[in-house]
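Last residue of the sequence shown? That's 503 in our numbering, and every number before it is there in order.
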Amino acid sequence: MTHPIDEVWMRLALDEAADAERLGEVPIGAVVVLGEKVIGRGHNRVITEQDPTAHAEIVALRDAARFLNNYRLTGTTLYVTIEPCP
């Protein structure tokens with residue numbers, strides 16, 4: 418069962434996906450949330466950055482780690498517009 422706030426976070430992830438599409442990327446977006454605050458966001462940048470690891474979820478996780486100044490993202494939730502890559 419989803420909570421109404423989940424829809425808010427997914428909407429932000431969809432906004433990121435739209436940004437990716439505008440840039441000619443595969444339209445996938447992601448946000449990382451801690452409590453009620455977005456601490457990381459990203460969209461696919463594989464083509465733009467010529468980086469095979471620049472998937473939306475990785476970009477968002479890296480952004481969150483920079484925000485926290487810590488690689489441990491304890492207590493966070495990752496919202497992605499498609500199932501994350503394995």
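All C-beta atoms in this analysis are idealised placements derived from N, C-alpha and C, irrespective of residue type, glycine included. If you're wondering where the values come from, they're calculated on a predicted model, not measured in any experiment.
Under the three-state DSSP convention, the category residue i falls into
i, result
"R479", "helix"
"R439", "helix"
"L495", "strand"
"R458", "strand"
Buried or exposed (CB count within 10 angstroms, at least 16 for buried), residue i
i, result
"I464", "exposed"
"H460", "buried"
"Y496", "buried"
"L478", "buried"
"P421", "exposed"
CA-to-CA distance, residue j to residue i, given in whole angstroms
i, j, result
"E438", "A471", "15 angstroms"
"E529", "W426", "With the chain covering 418 to 503 only, the question about residue 529 has no answer from this structure."
"P469", "R462", "9 angstroms"
One or two residues paired with residue i in a DSSP bridge
i, result
"G452", "G452 is not bridged to any residue."
Contact set for residue i: own chain, Cβ-Cβ below 8 angstroms, skip 5 residues either direction
i, result
"Y488", "A482"
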